[in-house]
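There are 2 protein chains.
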Amino acid sequence: MQQITIKALARELNLSVSTISKALRDSHEISPATKSRVLQLAARLNYQTNPYASSLRGKKSRNIGIVIPEVADSFFSLAINGIDATIKAKGYHSIICLTHEDFSNEQAILKELQNGRVDGVLMSVSSETTSGKHIRALMEQHVPVVLFDRVLTDIPSAQVITDDMASSYNATQHLLRNGCKRIAFLGLSQQLSISADRLRGYENALRGHNITPSPKHILTCTPDPKKNMALIKKLLQQKERPDGIVAAVEKLAPLVYQACGQLSLRIPQDVKVVCFSNLELAGLLQPSLTTVTQPAFEMGKKAAEVLLRLLDSKPLQKGDMQVVIASRLVERNSTNGKI
Amino acid sequence: MQQITIKALARELNLSVSTISKALRDSHEISPATKSRVLQLAARLNYQTNPYASSLRGKKSRNIGIVIPEVADSFFSLAINGIDATIKAKGYHSIICLTHEDFSNEQAILKELQNGRVDGVLMSVSSETTSGKHIRALMEQHVPVVLFDRVLTDIPSAQVITDDMASSYNATQHLLRNGCKRIAFLGLSQQLSISADRLRGYENALRGHNITPSPKHILTCTPDPKKNMALIKKLLQQKERPDGIVAAVEKLAPLVYQACGQLSLRIPQDVKVVCFSNLELAGLLQPSLTTVTQPAFEMGKKAAEVLLRLLDSKPLQKGDMQVVIASRLVERNSTNGKI
DNA sequence: TTTATTTACGAAACCGGTTTCGTAACAACT
DNA sequence: AGTTGTTACGAAACCGGTTTCGTAAATAAA
Numbered sequence: 104m105q106q107i108t109i110k111a112l113a114r115e116l117n118l119s120v121s122t123i124s125k126a127l128r129d130s131h132e133i134s135p136a137t138k139s140r141v142l143q144l145a146a147r148l149n150y151q152t153n154p155y156a157s158s159l160r161g162k163k164s165r166n167i168g169i170v171i172p173e174v175a176d177s178f179f180s181l182a183i184n185g186i187d188a189t190i191k192a193k194g195y196h197s198i199i200c201l202t203h204e205d206f207s208n209e210q211a212i213l214k215e216l217q218n219g220r221v222d223g224v225l226m227s228v229s230s231e232t233t234s235g236k237h238i239r240a241l242m243e244q245h246v247p248v249v250l251f252d253r254v255l256t257d258i259p260s261a262q263v264i265t266d267d268m269a270s271s272y273n274a275t276q277h278l279l280r281n282g283c284k285r286i287a288f289l290g291l292s293q294q295l296s297i298s299a300d301r302l303r304g305y306e307n308a309l310r311g312h313n314i315t316p317s318p319k320h321i322l323t324c325t326p327d328p329k330k331n332m333a334l335i336k337k338l339l340q341q342k343e344r345p346d347g348i349v350a351a352v353e354k355l356a357p358l359v360y361q362a363c364g365q366l367s368l369r370i371p372q373d374v375k376v377v378c379f380s381n382l383e384l385a386g387l388l389q390p391s392l393t394t395v396t397q398p399a400f401e402m403g404k405k406a407a408e409v410l411l412r413l414l415d416s417k418p419l420q421k422g423d424m425q426v427v428i429a430s431r432l433v434e435r436n437s438t439n440g441k442i
Numbered sequence: 104m105q106q107i108t109i110k111a112l113a114r115e116l117n118l119s120v121s122t123i124s125k126a127l128r129d130s131h132e133i134s135p136a137t138k139s140r141v142l143q144l145a146a147r148l149n150y151q152t153n154p155y156a157s158s159l160r161g162k163k164s165r166n167i168g169i170v171i172p173e174v175a176d177s178f179f180s181l182a183i184n185g186i187d188a189t190i191k192a193k194g195y196h197s198i199i200c201l202t203h204e205d206f207s208n209e210q211a212i213l214k215e216l217q218n219g220r221v222d223g224v225l226m227s228v229s230s231e232t233t234s235g236k237h238i239r240a241l242m243e244q245h246v247p248v249v250l251f252d253r254v255l256t257d258i259p260s261a262q263v264i265t266d267d268m269a270s271s272y273n274a275t276q277h278l279l280r281n282g283c284k285r286i287a288f289l290g291l292s293q294q295l296s297i298s299a300d301r302l303r304g305y306e307n308a309l310r311g312h313n314i315t316p317s318p319k320h321i322l323t324c325t326p327d328p329k330k331n332m333a334l335i336k337k338l339l340q341q342k343e344r345p346d347g348i349v350a351a352v353e354k355l356a357p358l359v360y361q362a363c364g365q366l367s368l369r370i371p372q373d374v375k376v377v378c379f380s381n382l383e384l385a386g387l388l389q390p391s392l393t394t395v396t397q398p399a400f401e402m403g404k405k406a407a408e409v410l411l412r413l414l415d416s417k418p419l420q421k422g423d424m425q426v427v428i429a430s431r432l433v434e435r436n437s438t439n440g441k442i
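Chains as they are written, first to last, in the working numbering: chain A, 104 to 442; chain B, 104 to 442.
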């Protein structure tokens, strides 16, 4: 791919390869005069250092793996921006790996990342992840891992999360205060930290209003939108039809809206809806969607910062093992009025 | 990061390093018996080949650079999925580089990619890209480039695009047929292929209805949403207020909706809106948004296929230098009724 | 002036695979 | 028996930087 190597520069300047290398790395061993000659020639010939050679010798790739379920999700898109901005400033590159919510993909990816391609990993687990063995295996190869948003509790890694339980509690209470009596919860697998915590917040809010959470109103969704659509419709057609819905992940809001449309249920008159979502367009939906908006960019940024500390083998600061950044409830029309 | 090398396997089996390497690569020089011993040990010890060592020696990275403006855009998210699926099947990895619609970022990224980090590049230029020098420079380093969606015409690379002019023509005609007389066009920089082509389609449609395109109705937007908001509001407050809008990129639809809301203009009664967009939620907006939906996944897939052919130095098939995949107009409520 | 130290550079090992080339052992063919 | 060919493997060069170590020359300290 590339022609001009250090050797070429050396030949041109009648210097040794090691001198060139040191000059380029601004070593104190090289005189200012020589340095400037080298730098000038390098610039003129557009010399680029071969990353594979450096990585091989230095045992450092300056790459960071970002392992996430998908990219077509506002939360992850924003988090990527936060990560990217942070690590780029330190000269790192990001390698984005998509699991597509599939556990075996995730396992395969982490196994591959044991080969040294990345110096560290930022990760949000898939909804089907049932164990943390693959993550432990990676960490045992001395690849530091920071989990963000979707974490596993039995992994000894740093974690950056939002206050899932409290947010969910607030969202549910918001519905209760607006008169909802039968509130449903739509989550993903309960293996998933965010799903479990949000469920707990929901349940606590109900109990706070002397309502016993009913299994009939708790839905565990799949990665398949069609199946979810069927589940949601079924939920909305049962005798004890919900008059409020807390949806724990962004993907579910459109389905709820569509299901309600097809069943001629009006939002918010018949059903009030609140969803965990970072969708910019939430305010433009029909009706505008009340959301729990997560600090996606900040979470990505913070996770990256913690990882960079680990890579510099700096000591973690107090509280870095578990960082919690608050979400906020944005009230819009989908929860408007009293029932 | 990683401990078990080929050398370790060699020691364990009393074989030479070269024999191990050949066995792992299934060379015919190695006996079946030896191969299976090697493979078994490698599996047992969870041996992973060091990608930097292979890349250094082999002068191939098996990485593909994806250079795009941003990831928080349905078109690019979907395109990434198409690309990822295609190249993963061939053992390639993707390195996603975000330009954030900034030309100097884009230049810096392409310059960096000259270092051999990637074997080829898939790219959609930023809205501020004014020249193709940086792309040419990369290609001159023998890094094949395939442009998709946002292409430059003066670059001798393969291109995968959609039928921008025809789609825009159709979208505009759809508005005309529904009675719009003063149709505005919202594009990005006219340097941008898609913007220019879509503008041309719009203008042709107007002329087909004996309407002379007016500069007052043609808006060139920026990467800054706030500025765009101001521009759009100004557009909608002029004497010759538009009664129809063709928005050339996904990002603009929310702004148009908000601007109309703030100015108390009703969609579609006062203004009809159609937007180039792959947003899944288009159907759920208030009102649901008529879109020109691009074949994002397919475009990504096709672009990747063409690039893979180039990397295999297979001859391109007829028409691969410029692949055109049609978009389709999805009519929804934002263009409903006659004016 | 002699010795110690600093400065500025080069030779060579090294990172971990890959590939070329050489060769011992054995089979096959005159 | 002598020649040719094949099989299965090892030694070593190689990719392109980085780093250690050695050293001649210049400078400082004794």
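Glycine included, C-beta positions come from ideal geometry on N, C-alpha and C.
Cβ of residue i within 7 Å of any chain B Cβ
| i | result |
| --- | --- |
| residue 220(A) | yes |
| residue 195(A) | no |
| residue 341(A) | no |
| residue 406(A) | no |
| residue 135(A) | no |
| residue 360(A) | yes |
| residue 180(A) | yes |
| residue 217(A) | yes |
| residue 158(A) | yes |
| residue 174(A) | yes |
| residue 357(A) | yes |
Distance, residue j Cα to residue i Cα
| i | j | result |
| --- | --- | --- |
| residue 301(B) | residue 442(B) | 24 Å |
| residue 195(B) | residue 159(B) | 16 Å |
| residue 166(B) | residue 110(B) | 26 Å |
| residue 187(A) | residue 250(B) | 23 Å |
| residue 173(A) | residue 309(B) | 41 Å |
| residue 219(A) | residue 244(B) | 27 Å |
| residue 424(B) | residue 238(B) | 16 Å |
| residue 50(B) | residue 304(B) | Since the first and last residues shown for chain B are 104 and 442, residue 50(B) lies out of range. |
| residue 371(B) | residue 435(B) | 10 Å |
| residue 360(B) | residue 285(A) | 33 Å |
| residue 224(B) | residue 306(B) | 33 Å |
| residue 317(A) | residue 175(A) | 32 Å |
| residue 397(A) | residue 114(B) | 52 Å |
Interface flag, residue i vs chain A, CB-CB below 7 Å
| i | result |
| --- | --- |
| residue 153(B) | yes |
| residue 104(B) | Since pLDDT at residue 104(B) reaches only 47, below the 50 mark, its modelled position is unreliable, and the value read off the structure follows with that caveat. Chain A contact via Cβ: present. |
| residue 352(B) | no |
| residue 389(B) | yes |
| residue 293(B) | no |
| residue 211(B) | no |
| residue 398(B) | no |
Distance cut-off 6 Å: residue i Cβ against heavy atoms of the ligand COA
| i | result |
| --- | --- |
| residue 120(B) | This structure does not include the ligand COA; it has no bound ligands of any sort. |
With 16 other Cβ atoms within 10 Å as the buried cut-off, status of residue i
| i | result |
| --- | --- |
| residue 104(A) | Summary for residue 104(A): the model assigns pLDDT 47, below 50, so the residue's position carries little reliability; its value from the coordinates is reported in the next sentence. Buried. |
| residue 375(B) | buried |
| residue 354(B) | buried |
| residue 147(A) | exposed |
| residue 331(B) | buried |
| residue 253(B) | buried |
| residue 422(A) | exposed |
| residue 131(A) | exposed |
| residue 247(B) | buried |
Legend entry - Contiguous alpha helix (DSSP H) assignments of at least 4 residues, all confined to the segment 366–434 of chain B: The segment 366–434 of chain B is shown to contain whole alpha helix (DSSP H) runs of 4 or more residues at 399–414, in chain order.
Inset, instruction - Would you check if there are 3 or more beta carbon pairs closer than 8 Å linking the segment 223–241 of chain B to the segment 191–204 of chain B? - result: They touch, by the three-pair rule.
Inset, instruction - Decide if the segment 338–349 of chain A is in contact with the segment 404–413 of chain A; the criterion is three or more beta carbon pairs, one per stretch, under 8 Å apart. - result: Remark: fewer than three beta-carbon pairs, one from each stretch, lie closer than 8 Å, so the segment 338–349 of chain A and the segment 404–413 of chain A are not flagged as touching.
Inset, instruction - Check whether the segment 146–161 of chain A touches the segment 393–404 of chain A, taking contact to mean three or more Cβ pairs, one atom from each stretch, closer than 8 Å. - result: The segment 146–161 of chain A is not in contact with the segment 393–404 of chain A.
Inset, instruction - Indicate whether the contact test is met: 3 or more Cβ pairs, each with one atom in the segment 413–431 of chain B and one in the segment 347–361 of chain B, closer than 8 Å. - result: No: the two stretches stay apart, fewer than three of their Cβ pairs being nearer than 8 Å.
Legend entry - Sufficient close CB pairs (3 or more, under 8 Å) joining the segment 422–442 of chain B to the segment 423–432 of chain A: No: the two stretches stay apart, fewer than three of their Cβ pairs being nearer than 8 Å.
Legend entry - Stretch-stretch touch, CB-based, cutoff 8 Å, three pairs: the segment 373–393 of chain A with the segment 108–127 of chain B: No: the two stretches stay apart, fewer than three of their Cβ pairs being nearer than 8 Å.
Legend entry - Length at least 3, wholly inside the segment 121–195 of chain B: the beta strand (DSSP E) runs in chain order: Within the segment 121–195 of chain B, the complete beta strand (DSSP E) segments of 3 residues or longer fall at 166–171, listed in chain order.
Inset, instruction - Tell me the start and end of each unbroken alpha helix (DSSP H) in the segment 259–335 of chain A that is at least 4 residues and wholly inside, in chain order. - result: With a minimum length of 4 residues, the continuous alpha helix (DSSP H) runs that stay inside the segment 259–335 of chain A are 267–280 and 296–311.
Legend entry - Segment contact flag, the segment 139–146 of chain A with the segment 175–186 of chain A, C-beta cutoff 8 Å, min 3 pairs: Under the three-pair Cβ rule at 8 Å, the segment 139–146 of chain A does not count as touching the segment 175–186 of chain A.
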